[in-house]
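Undergrad: Dumping the structure here so I can ask a few things about it.
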Ligand SMILES: Cc1ncc(C[n+]2csc(CCOP(=O)(O)OP(=O)(O)O)c2C)c(N)n1
Ligand SMILES: [Mg+2]
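Residue numbers (my numbering), protein chains in the order written: chain W, 5 to 575; chain G, 4 to 95.
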């Protein structure tokens, strides 16, 4: 495992090269670890790294590096740092940057660039990454003078981690990392255009309280903003005090313990029927730190038709973007919840509503047919939940298995759920698990990954032993791009165009070739046994688990439908 | 409806690009644009953008996205008629 030497002396006031300044700045920002890949334009930086001070992980593809940085940020709440070289190195991280932007993950990305005198000349390995990444970063910089480097590094970390977090890219031409100047890391930030903090207005807080008093059918929708602000305990207290049931978004899973009596489950396309009907029929939706994403709302025409909408968000641009808001509350989720808890909070008058929702929960639980002796994927997720007692760090890729994980893994606390929500990035699961394990070396990390998505970044198996990352990888193998197959079955007359993949590698041999224990299973009993073995194994372990290929994710809000129009709500 | 957005921005490399990118994302065609420093040795520029847009809601979103930019110091919107240059513009 990677060890960090604390309290590194920082070379303030000395003459340093740009490359050394990068490393010293990272130390100043107390960076534990960087994920990166060397190349011509970052050789100077890697040379400075060679002297030590900051542990570095070498995933085998830059996409692996940036998803690892995301996984790290997701479980630690700290910024993930990623380094890539110019040109192909930089373009290889584009997907991860867009992913982090969508899911508001704090990243600081350092890219090398060609010599500044050669910019725009189609020099070897030149890609105009500043322009390319402009629309998918929270902010980005190109450093043209080494004297600006400390300030830019300071700003990059500040912008990435404050307000609504996001990725910030710093592009450094070769000559700038070689140039020298005196290193002074600034103590203050001077960004007149950047005001990320917002104090919730007391009139807004009072507005929420009045709305609760009037509501008969209130519901809380909690999203990732609650996790970023570390406001989960306040959220639960707020729900309990007001007696208002809670729906989580996909990225909000873990903000409320899943076994809490006020918890209705996940909402949205594959949410629970009770959660979606609560949102649909509600007369007061209190959205805390969610962005009313289309996979949650379904057809906007039907969403919140009868509801007064409260929207608590740190990002003013989210309020009113998708759903008209009656009571906007600009501010950090935890801060707003704390202010609400400081007030005389009324208990909502919603006994009938609670009873109605309890009935829905009882009448419409998640279901699947456990008819024959085939191994149903849903069962696999139940077993993983049981065997890890609902307390593992779980990462997924994208597709059916991701939705089943969200449905069947009952999270008890935040920062345990690592998934690509907004961008839906296949190939995320394995590298994100690596970053998660680096961020939480003592915690069990289980990567639940589809057979197709696994093949997108499976080269990262190469580093598990090298860095002693004891991940447990479960390939949920349905011999297909299950989610694509499902849509083709339901909406394209079962015309399975390019979504079935009967030709699969031998995953056990593959993992063995990387020195990782692997087993393949195809029934529940074997899975139970092998999963147990995996969890008891000190090192990494891969299980290739064949499941029924024809299974679909239900219930479901079909494309263009309102959230109340779910199909597959009952067997 | 013609709308004019006035942005006070940092006078830095790439800022114009950042702003126009946001209009592009919303599929808004820029009909008229000026940019220049507010005074001679200023590191602040005034950017004036005219677009043709009916929906208030989209305008609101556009402004919110612009406002969020680290390089945007302030933003105001007017209907183009209130601006002196818009006359010239609308004659065309
Ligand atoms: C990079 C990328 N390409 C394509 C898609 C579209 N897509 C979404 S789910 C899916 C199938 C995923 O298959 P698999 O990884 O086997 O997971 P399953 O759905 O079978 O559980 C595809 C192709 C995507 N989300 N990401
Ligand atoms: Mg699959």
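Virtual Cβ for every residue (Gly too), placed ideally from N, Cα, C.
1) If you draw a straight line from the C-alpha of residue 21(G) to the C-alpha of residue 171(W), how long is it?
2) If you reduce the DSSP assignment to three classes, tell me which class residue 202(W) lands in.
3) Determine the closest residue to residue 427(W) out of 548(W), 106(W) and 210(W), with distance taken between C-alpha atoms.
4) With the cut-off set at 7 Å, would you say residue 571(W) and residue 381(W) are in Cβ contact?
5) Within 10 angstroms of the Cβ of residue 78(W), are there 16 or more other Cβ atoms? Answer buried if so, exposed if not.
6) Return the first residue and the last residue of the beta strand (DSSP E) that residue 34(G) is part of.
7) Does residue 105(W) come within less than 7 Å of chain G when only Cβ atoms are used?
8) How close, in whole Å, do the beta carbons of residue 58(W) and residue 30(W) come, if the pair is a contact with beta carbons under 8 Å?
9) Using a Cβ-Cβ distance under 7 Å, would residue 139(W) count as near chain G?
10) How about residue 2(W) and residue 406(W): do their beta carbons lie closer than 7 Å?
11) How would you write the range of the alpha helix (DSSP H) that residue 344(W) sits in, first residue to last?
12) Cβ closer than 8 Å: which chain G residues qualify as neighbours of residue 321(W)?
13) Can you tell me where the beta strand (DSSP E) holding residue 168(W) begins and where it ends?
14) What residues of chain G sit near residue 143(W), judged by a beta carbon separation below 7 Å?
15) I want to see whether chain G comes within less than 7 Å of residue 52(W), judged by CB atoms only; does it?
16) Please compile the residues from chain W whose C-beta is within a distance smaller than 8 Å of the C-beta of residue 76(G).
17) Any beta-carbon of chain W closer than 7 Å to the one on residue 24(G)?
18) Would you kindly check if the distance between the Cβ of residue 259(W) and the Cβ of residue 83(W) is under 7 Å?
19) Can you name, in chain order, every residue of its own chain whose Cβ lies under 8 Å from the Cβ of residue 78(G), other than the five neighbours on each side?
20) Closer than 6 Å: is that where the CB of residue 3(W) sits relative to any heavy atom of ligand 2?
21) Starting from residue 2(W), trace the alpha helix (DSSP H) both ways and give me its first and last residue.
22) Using DSSP's beta-bridge definition, name the partner residues of residue 312(W).
23) Taking the beta carbon of residue 193(W) as the centre, do at least 16 other beta carbons fall within 10 Å, making it buried, or is it exposed?
24) Please list, in chain order, all residues of the same chain as residue 215(W) whose beta carbon is under 7 Å from its beta carbon, the five residues on each side excluded.
25) Determine whether the Cβ of residue 6(G) lies closer than 7 Å to any Cβ atom of chain W.
26) Using a Cβ cut-off of 7 Å (strictly closer), state whether residue 325(W) contacts chain G.
27) Taking the straight line between their C-alpha atoms, what separation do you get for residue 91(W) and residue 269(W)?
28) Within 10 angstroms of its Cβ, does residue 574(W) collect 16 or more other Cβ (buried), or is it exposed?
29) Can you find a heavy atom of ligand 2 that lies under 6 Å from the Cβ of residue 456(W)?
30) Could you give the residue range of the alpha helix (DSSP H) that holds residue 97(G)?
31) Run the proximity test for residue 297(W): is its beta-carbon closer than 6 Å to any non-hydrogen atom belonging to ligand 1?
32) Shorter than 6 Å, the distance from the beta carbon of residue 430(W) to the closest heavy atom of ligand 1, or not?
33) What in chain G is Cβ-close to residue 163(W), meaning under 9 Å?
34) Mapping DSSP to helix, strand and coil, what is residue 568(W)?
35) Residues of the stretch 423–455 of chain W in Cβ contact with chain G at a cutoff of 9 Å, in chain order, please.
36) Between 166(W), 488(W) and 340(W), which lies nearest to residue 203(W) when the distance is taken from Cα to Cα?
TA: Based on what the coordinates show:
1) 16 Å
2) coil
3) 106(W)
4) no
5) buried
6) 33–40
7) no
8) 5 Å
9) yes
10) Since the first residue shown for chain W is 5 and the last is 575, residue 2(W) is missing from the structure and cannot be characterised.
11) 337–346
12) 64, 67, 68, 70 and 71
13) Taken as a continuous stretch (DSSP letters only), residue 168(W) belongs to no beta strand (DSSP E), as it is neither H nor E.
14) 73
15) no
16) 196 and 197
17) yes
18) no
19) 8, 9, 10, 11, 66, 69 and 70
20) Beyond the ends of chain W as shown, which are 5 and 575, falls residue 3(W); an answer cannot be given.
21) A question about residue 2(W) goes unanswered here, because the residues of chain W that appear run from 5 up to 575.
22) 288(W)
23) exposed
24) 288, 312, 314 and 331
25) no
26) yes
27) 44 Å
28) exposed
29) yes
30) Nothing can be reported for residue 97(G): it is not among the residues displayed for chain G, which extend from 4 to 95.
31) no
32) yes
33) 73
34) coil
35) none
36) 340(W)
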